[in-house]
Amino acid sequence: MAADGRCESEGSREEVAVSCVSGDRTADNWQEYQKAKKAAKKAVAVAKATHYGDVYRELESRDGERYLYRLPKTRHRQTDDIGKFVGINDESGHLLTDRKKALK
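Throughout the sequence shown, residue numbering follows our numbering, covering 359 to 462 in sequence.
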């Protein structure tokens, strides 16, 4: 731990806070962990808000209806199980994981 009470390891705030708490379980370390956790939650909330703001702006645009139908289609593709592509190899014997290449 540094002289100013902060952990010297590199990484995200959450990782630094966890490493500080796991070393010494003092009240100061716990407070530092709580502050880092709260800051990380705020950063995630800001990122989500900006992303969803962009999505809503896109939906309200002129081409919003097309975008609306594209959302579930992409969500479905993301949830497709990669296991159904097992056994599909290309000419060189490499496993195909790309949907378009596997369908060819």
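We put the CB at the ideal spot given by N, CA and C, even for glycine.
Residue i - partner residues in DSSP beta bridges
i	result
Leu453	Asn447
Residue i burial status per 10 Å Cβ neighbour count (16 or more: buried)
i	result
Glu356	Any question about residue 356 goes unanswered here, given that the chain covers just 359 to 462.
Ala394	buried
Asn447	exposed
Glu390	buried
Glu366	At Glu366 the pLDDT is 46, less than 50, meaning the model places this residue with poor confidence and gives no usable figure here.
Run of the alpha helix (DSSP H) containing residue i, from where it starts to where it stops
i	result
Thr432	422 to 437
Arg415	385 to 417
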